[in-house]
Structure formats: C-alpha cells, structure tokens
Amino acid sequence: MSSQEENPPCPSPDMHFIGKKADIVKAGRVTMRVNGCRDVLVVYHQEKLYALDLRCYHAGGLLQDGDIEDFNGRLCIVCPCHKYKITLTEGEGLYEAVDNPTIRPLKTQWRSKGLKQRIHKVTEVSGDVFVTLNDSSEAIESDVYQTEKYRTVSLDALPKPKHKT
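So for the sequence shown, the UniProt record's numbering puts the first residue at 1; every next one is plus one.
Here it is in structure tokens:
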C-alpha cells in the first residue's frame, strides 16, 4: 500500500487523517497522536463519530477502555479509573447531585461541572475520517496530559495508550 493510500490528502491543512470509517466502525474506537502533539480518542457509537483527548481530565486515565453510557439523555464516556462521566459532544464533566439530603427518599439530578475534556471536530470525506484539533486558547483541564513536560516526567507511571500504527 502506498503512503498516498494510507494517508489521503487532507481537505484542509487543519484536518488530520485518522483512518477509514469502515475500520473505525469495526474497531469501535481508535487512538492516535495527532499532529505529533495530541493523543486523541475517536469513538464510533450509535452511528456517530466523536473525538476527544485520550486521557481523562481528572487523573489521566485512558478513556479508550471506558464504557459509553446515557445519563439523563446525554451520552458520556465513563473513565475506567475513577468512573468520572464526560459528555461526548461537549466534554462536560457530569456528577449526580442530591437536591436536599434531609428529605427521603433522596432525589438526585445529573449536573454539569463545566467543560473539563477537550473535544475535537470529526469530519468524514468519502469514507475517510479526519480530526480537526480544537485550538481554543481557553485552558481545559484535560490539556495538562498533552504537554511535553507531562509526557516526559509523569507518564512513566501511567499505562501507555495503544495507538494505531
């Protein structure tokens, strides 16, 4: 296979080839270091593609092994390390809050902690899947796990992602 077939020309310089949609659908999830600097997880779920930073904002757990669950109508990936819930479309952290702990039975609601995980744009072109990195200058908690300093100092203790080769 030629390199042209492996990495088709990107429709835009900001778009990074991830793989063939059919391969991603079959795998369900793929991880890749995009643009040489950002570890991204691409998830196929219920006929949609989502992309987000690979490591959970809370403690750097690998999200590639997390379950996808619906919490009050919002699809989330659940971090396998500490069960943090992250919405797939916005990157919000969700938690279950108790309205009034003195009233029984307890009544709970799912609430947002705000934006915690960086989400990236996924584009499909003729069966090829591309990711455009979210380049917002606003700091997001998951960003800390994407820095070179973190990779060289802290990642020795954490499990290594299984990137697509």
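Glycine is no exception: its CB is placed at the ideal position from the N, C-alpha and C atoms.
Residue i: first and last residue of the uninterrupted beta strand (DSSP E) it sits in
i      : result
LYS26  : First-last for LYS26: 21-27, but that is the alpha helix (DSSP H), not the beta strand (DSSP E).
ALA59  : Careful: ALA59 lies outside any beta strand (DSSP E) and carries neither H nor E.
GLU141 : Run containing GLU141: none; DSSP gives neither H nor E here.
LYS85  : 85-87
THR102 : Counting along the chain, THR102 falls outside any beta strand (DSSP E), and DSSP gives it neither H nor E.
GLY93  : 92-98
ASP128 : 128-132
ASP135 : Here ASP135 belongs to no beta strand (DSSP E), and DSSP marks it neither H nor E.
Which listed residue (the options) has its alpha carbon closest to that of residue i
i           : options                     : result
MET32       : HIS45, SER12, LEU62, PRO13  : LEU62
ALA139      : GLU148, LEU115, ASP99       : LEU115
ASP143      : PHE130, GLU124, ARG118      : ARG118
LYS26       : HIS45, ASP99, PHE71, ASN35  : HIS45
residue 166 : CYS79, GLY73, SER112, TYR50 : Nothing about residue 166 can be read from this structure; the chain reaches only from 1 to 165.
HIS120      : GLY36, PRO80, LEU41         : LEU41
8 Å Cβ cutoff met for residue i and residue j
i           : j     : result
LEU52       : LEU94 : no
GLY91       : LYS20 : no
VAL78       : GLY60 : no
residue 167 : GLU96 : This structure gives no information on residue 167, because the portion of the chain shown stretches from 1 to 165.
Beta bridge counterpart(s) of residue i as assigned by DSSP
i      : result
ASP67  : VAL78
ILE119 : LEU52
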